[in-house]
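In my numbering, the protein residues as written are 31 to 343. Ideal Cβ positions, reconstructed from N, Cα and C, are used throughout, including at glycine. See below for the structure under consideration.
Set out below in structure tokens:
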């Protein structure tokens, strides 16, 4: 890769979040707790759904995949960011930077599309309940999941194809704690106006379009739910409110960062914290504390685990 673009710069310096020692210690403690809780919470959701046959339904199949994706979202940049907090030289290689951007946008794009699939699942469950299991069959769920990953991969590769051979021959300081296209492109020693527009058209468009589709979908579903007053509708409304909360947490930072990414703002890296740390942590909290079936299933899993340990002890 270096031979292809004759780049003088082989690594980038990540300026991180702060240089204050006191703030670094606070950030280290808070982000470590959030990261560990996020990983354990999401993995617990995946394990609970897999092990409990009561949760073997399309909705929980999709939820398990969302939690699996969130483990990736929180693991791509957060561990290095925590590790770099107390380092004087926070560097990342050019290849490492490109790899990080590839996974961030693959997983991020996949999660965006998966949220649309989850909205579609709720639409079928609420508006066509008698045909729900027929429409949302296992084959359909697997097809939709494969489609989400395909779109996420295309979204990421489409952007990398334009920036992978950019020349870097001067500035190498990136005012962020991870690599992303807006700040990466700004460091290239060439005219980047066209590339900046492509980032807005790609990441900005997919963020705005997905958010718009989800808002319209949930408004339509909420109107349908309000026409009913049964217990099932109340349960559906509770599920929808959880989905809407996740959508707001995920998309507001994305839209802010990618729709107006140039010139980059200092607040961008703080908004990015929501996507890489806060949202993956909030998802298990939202989907477990507001979901009685998940709480009961987790309780059964914990009881079985303790019984299994006592059996061998």
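Query: In this structure, does DSSP put residue 43 in helix, strand or coil?; Result: strand
Query: Is residue 100 buried or exposed, if buried means 16 or more other CB atoms sit within 10 Å of its CB?; Result: buried
Query: By DSSP, does residue 203 sit in helix, in strand, or in coil?; Result: strand
Query: In chain order, what are the residue ranges of uninterrupted alpha helix (DSSP H) at least 4 long that sit wholly in the region 269-325?; Result: 297-303, 309-319
Query: Distance check for residue 174 and residue 168, CA to CA, integer angstroms please.; Result: 10 angstroms
Query: Going by DSSP, what residue range makes up the beta strand (DSSP E) through residue 121?; Result: 121-123
Query: For residue 61, count neighbouring Cβ atoms within 10 angstroms of its own Cβ and tell me buried if that reaches 16, exposed if not.; Result: buried
Query: Please classify residue 325: is it buried, with 16 or more other beta-carbons within 10 angstroms of its beta-carbon, or exposed?; Result: exposed
Query: For the alpha helix (DSSP H) containing residue 91, list its first residue and its last residue.; Result: 88-114
Query: Could you tell me the distance, in whole angstroms, from the CA atom of residue 96 to the CA atom of residue 273?; Result: 11 angstroms
Query: Alpha carbon to alpha carbon, how far is residue 75 from residue 88? Give it in angstroms, no decimals.; Result: 15 angstroms
Query: Mark residue 304 as exposed unless 16 or more other C-beta atoms lie within 10 angstroms of its C-beta, in which case mark it buried.; Result: buried
Query: Taking the straight line between their C-alpha atoms, what separation do you get for residue 71 and residue 318?; Result: 9 angstroms
Query: Can the beta-carbon of residue 244 be found closer than 8 angstroms to that of residue 146?; Result: yes
Query: I need the straight-line Cα distance from residue 217 to residue 185, nearest angstrom please.; Result: 22 angstroms
Query: Express the C-alpha separation of residue 134 and residue 314 in angstroms, rounding to a whole number.; Result: 20 angstroms
Query: Leaving out five residues before and five after residue 127 in sequence, what residues of the same chain have Cβ atoms less than 6 angstroms from its Cβ?; Result: 42, 209
Query: Could you check what DSSP says for residue 208 in three-state terms: helix, strand or coil?; Result: coil
Query: Using the three-state DSSP reduction, which class does residue 256 fall into: helix, strand or coil?; Result: helix
Query: My output table needs one value for residue 82: the three-state DSSP class, helix, strand or coil.; Result: coil
Query: With H, G and I counted as helix, E and B as strand and the rest as coil, what does DSSP make of residue 136?; Result: helix
Query: Please report the distance separating the alpha-carbon of residue 32 from that of residue 194.; Result: Bear in mind that a pLDDT of 44 at residue 32, under 50, signals an unreliable position, so the model cannot answer this.
Query: Just to confirm, are residue 142 and residue 240 a CB contact at a threshold of 8 angstroms?; Result: yes
Query: Measure the alpha-carbon distance for residue 118 versus residue 163 and round it to whole angstroms.; Result: 56 angstroms
Query: Quick one: give me the first and last residue of the alpha helix (DSSP H) that residue 191 is part of.; Result: 168-193
Query: Could you compute how far the alpha carbon of residue 53 sits from the alpha carbon of residue 68?; Result: 22 angstroms
Query: Considering only the beta carbon of each residue, do residue 132 and residue 190 sit closer than 8 angstroms?; Result: yes
Query: Nearest to residue 334 by alpha carbon, out of 78, 45, 286?; Result: 78
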